[in-house]
Every structure is written in C-alpha cells, then in structure tokens.
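Colleague: So the sequence shown is residues -9 to 376, counted in my numbering. Glycine included, each C-beta is placed from N, C-alpha and C at the ideal position. All of these numbers come straight from a predicted model, not from anything done at the bench.
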Amino acid sequence: MQRLFIVGALVASLFGAVSTVHAQTLTVLHSFTGTNPPVGAGADGATPFGALTLSGSTLYGTTKHGGGSLQAGTLFSVDVNTGVEQVLYSFGGTNNGELPVSSLILRGSTLYGTAPLFDRGKPWGELFSYDTGTRVKTTLTNFMNGQPNGYVPSPGVVANGSILYGTSENGPDPYSKGTIYSYNLATRQQTVLHIFSGKEGAPSSDGAVPRANMTLVGSKLYGTTYAGGTYGFGTVFVCDTQTNQVSIVYSFGTVGGSNPYGSLLLSGSKLYGTTSGGSQYTASLFSIDTGTGLFSRLCSLPGYASGNIAQIGDILYGTTQRSGSSGDGSVYSYDTKTGAFAIVFSFNGLNGSQPIGGLITDGTTLYGTTVTGGPNGNGEVFALKP
C-alpha cells in the first residue's frame, strides 16, 4: 500500500490586511519517483503541472514527464483514501500527444484534456479523450502550425453538453496569437470561433496568448489572455457562443496587476482570478462582476500566482510560487466577506515545492500538486485541511 506522508506546519500570514495563525496538516498522497526529469523520471510520472479533477474518492491528473520508455508524460489516478497511484496512460510516440500540462474534465466515464506537443516533439498539440472504463485513449483532433485552429492548445477544456470549448496559444499565422475553438463530440467536428489578433508584448483590441482554461457562464465563455489588450499586459475576455463575438471585459496594466494566468472561478455573479505579476507588477487576486462588468482588485499576492482557485464557504484558496518561508510556494486564503488574507501553508521542498496547478476541493479538503519537491523530489499530489 502507498504510504501517506503527514507533514505538520505552523505558519502565519506575512502578507495582507489581516494576519492569522493556522496549525495545518498537509498529507502527501503520492510522491512521484525518478531523478532529474525528464532523464531518469519514474514510470509513475514526474512534474505534474495541471490542476486535478476529483470524482468520488479518485483524483485524476497528468504529469509532464515520466511514464513509459519515451518519458513523455502520464495520465494518472490517485485514491484519496489510500494514496495508491495508477498510471492510466503513458504519452509519446508517433501520432500521439506529449508532455501534457493539462487539467482534465470528466464527463460520464470519459476524461478530456490537451497536450502541447504531438507526434514525437512537434509543437502542435492534441485534444484527447480517455475512457476510464475501457482504458482507451483517443486523439480527437490535433493542432498544426498554419492550420485554422492554431497550435499549442492551452491546458484544458470546458464542456457544455456535447460541445467542448478550448483555446490555443498560437494562431494559424505569424500575425495572430491564439484561438478559441469548439469540438462537437457527436459530429467530431472542430470549429474555430475566434482568432486573436494581438501580439505578445504589444497592445491589441482583443488580447493575445490565452494560457488558461475558460469558464462557461450561461452561453458565454469567460477567459484570460496573458498578453495584449489596451496596455499589452493581458485581458479578461468574453466570447458569446451563439454569435462568436469576442469582447474585452478588462485590460490589465494599470492598477489591476498584469499577465493573468489561471482559470477563472465563478461564485454567484462574480468571477475570481489572479494575475501572475509578470515583469511590471506584483501578483494580485481580482474579481469581475458578470452582471455589471465591475473589476475589483482584492489584494496583492506574494510570489507568482497561477493555477486554479478553490472556494469553501466564503473563503477562496489559491497557490503562489516562489513564496512562503523558504521560497518553495504557499497556499493562501482570502475571505470574500471581510477581505482578510492569510498564508495558510508554506512548502519547504521536503513537503513539496512550486504548486503551479492550483487547488480543487470536495468542500472540506483542498487537493493539489507540486511540480517539484516532496519525499522523492519530483513533485507530489497532496491534500490539505484548511
């Protein structure tokens, strides 16, 4: 049976308006093996970048390295009760995706995700499915430079019935920086809804380089671009799936931070997200009201922010990199009612390092991954009771 590593920590918030002290216990559910990935990475995978997906007592995720002989990443599951990890699929090879950093979504018994490379290292990418019952992985569509759907798909998709929606970081030509696409599971047809016209590092009317999964609100998709917009430091955009019309909700680069990175969390009528900080500004937590369009910068964040935000009650939880007492990253909380901010856990390398993928929750426990660190040094899957 897989050992569960229990790590205790007493940490205090050193950042934000309110400082509170928490006695937290982090459980390492699985520590990935191998040394110096990708060379020598273990068969169970190494360096998980994407957010996890929870179904019952099973977590699903991907690793960028490790797996089979090609060491091109894995799709894995972890039992939250026992910590037993199973490699469900090893990526790599001819006409196959490689180095997945994707979050996954589960519809029925099928997982859906993306990989940024395809066919032995070509920078194209794929949209894939994996049937958890039959254990069959299928490439639904691939991406290629010069094709209308662009290339290098962003990590993850969102579903509305039989339609999957996603983005790519690059457009079909040198003058475009990303696309929004749909994929019909019934007809197996992919449709390009929008091509971003912006360029990285320059202002644009519709943004550039979408690097995160989108969030569906009714018939509208909300997402972020890492660059572009009025000031060139990224946007929050909305795409109407009925008209394919894309408009900017907010352009970063003034008081709201810069370079948003990570999916948006919908709670009530508000979307919550983070800016990574980029080279110009500190990282920040923000909200946007989907009814009024009002943007609010809620607080600064230590380090660099990315990955999913989770919510338990009125409290938001997220992760930052290069933060905490030893610079290995941290888990923070933000009370949406009082505005109180706190660091609730600091990683120290031995208990994990750099939680890039963010967090998910079952309502009481937070689950996430670290890219490196942990008992075996190549990343981990962890659980944290806030």
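For Ala192 and Gly218, what's the separation of their Cα atoms in angstroms?
Modeller: One-based indexing of the sequence shown puts residue 192 at position 202. One-based indexing of the sequence shown puts residue 218 at position 228. Distance between the alpha carbons of Ala192 and Gly218: 6 Å.
Colleague: Going by C-alpha distance, which of Gly98, Gln14, Leu44, Thr244 is nearest Gly123?
Modeller: Stepping through the sequence shown from its first residue, residue 123 is reached at position 133. When only C-alpha atoms are compared, the closest one is Gly98.
Colleague: Return the chain-ordered list of same chain residues with a C-beta closer than 6 Å to the C-beta of Val371, the five sequence neighbours on each side being excluded.
Modeller: To locate residue 371, count along the sequence shown from 1; it is residue 381. Same-chain partners within the cutoff: Leu19, His20, Val68, Thr359.
Colleague: Are the CB atoms of Ser80 and Gly58 within a distance shorter than 8 Å?
Modeller: By one-based count along the sequence shown, residue 58 stands at place 68. By one-based count along the sequence shown, residue 80 stands at place 90. Taking 8 Å as the Cβ cut-off, Gly58 and Ser80 qualify as a contacting pair.
Colleague: Please list the terminal residues of the continuous beta strand (DSSP E) segment that includes Gln344.
Modeller: Stepping through the sequence shown from its first residue, residue 344 is reached at position 354. Unbroken run through Gln344: none, as it is neither H nor E.
Colleague: Just list the residues that DSSP pairs Ile278 with in beta bridges.
Modeller: Translated into positions along the sequence shown, residue 278 becomes position 288. DSSP output for Ile278 lists Leu261, Phe285 as bridge partner(s).
Colleague: Assign Phe(-5) to one of three DSSP states: helix, strand, or coil.
Modeller: In the sequence shown, the residue the question calls residue -5 occupies position 5. With a pLDDT of 48 at Phe(-5), under the threshold of 50, the modelled position of this residue cannot be trusted, and the question is left open.
Colleague: On the three-state DSSP scale, how would you describe Thr53?
Modeller: Locating residue 53 in the sequence shown gives position 63, where the first residue counts as 1. DSSP places Thr53 in strand when its eight states are reduced to three.
Colleague: Measuring only the C-alpha atoms, how far is His12 from Gly197?
Modeller: In the sequence shown, counting from the first residue as 1, residue 12 sits at position 22. In the sequence shown, counting from the first residue as 1, residue 197 sits at position 207. With a pLDDT of only 49 at His12, under 50, the local geometry of the prediction cannot be trusted, and the value read off the model is given with reservation. Cα to Cα, the separation comes out at about 40 Å.
Colleague: If I measure Cβ to Cβ from Val148 and keep anything under 8 Å in the same chain, skipping five residues before and after, which residues do I get?
Modeller: Locating residue 148 in the sequence shown gives position 158, counting from the first residue. For Val148, where only same-chain residues beyond five positions count, the Cβ hits under 8 Å are Ile95, Leu154, Tyr155, Gly156, Asn203, Met204, Thr205, Leu206, Leu211.
Colleague: Hey, how far is the Cα of Gln14 from the Cα of Leu374?
Modeller: Counted from its first residue, the sequence shown places residue 14 at position 24. Counted from its first residue, the sequence shown places residue 374 at position 384. When rounded, the distance between both Cα atoms is 7 Å.
Colleague: Mapping the DSSP letters down to three states, classify Ser166 as helix, strand or coil.
Modeller: Within the sequence shown, residue 166 is the residue found at index 176, counting from 1. Here Ser166 sits in coil by DSSP.
Colleague: Kindly list the residues whose CB is nearer than 8 Å to the CB of Gly281, restricted to its own chain and excluding five residues on each side of it in sequence; keep chain order.
Modeller: Stepping through the sequence shown from its first residue, residue 281 is reached at position 291. Ser259.
Colleague: Apply the 10 Å Cβ neighbour rule to Asp318 and answer buried if 16 or more other Cβ atoms are within range, or exposed otherwise.
Modeller: By one-based count along the sequence shown, residue 318 stands at place 328. Asp318 should be labelled buried.
Colleague: Using a threshold of 8 Å, state whether the C-beta atoms of Phe227 and Thr215 are closer than that.
Modeller: In the sequence shown, residue 227 corresponds to position 237, counting from 1. In the sequence shown, residue 215 corresponds to position 225, counting from 1. Yes, the Cβ-Cβ distance between Phe227 and Thr215 is below 8 Å.
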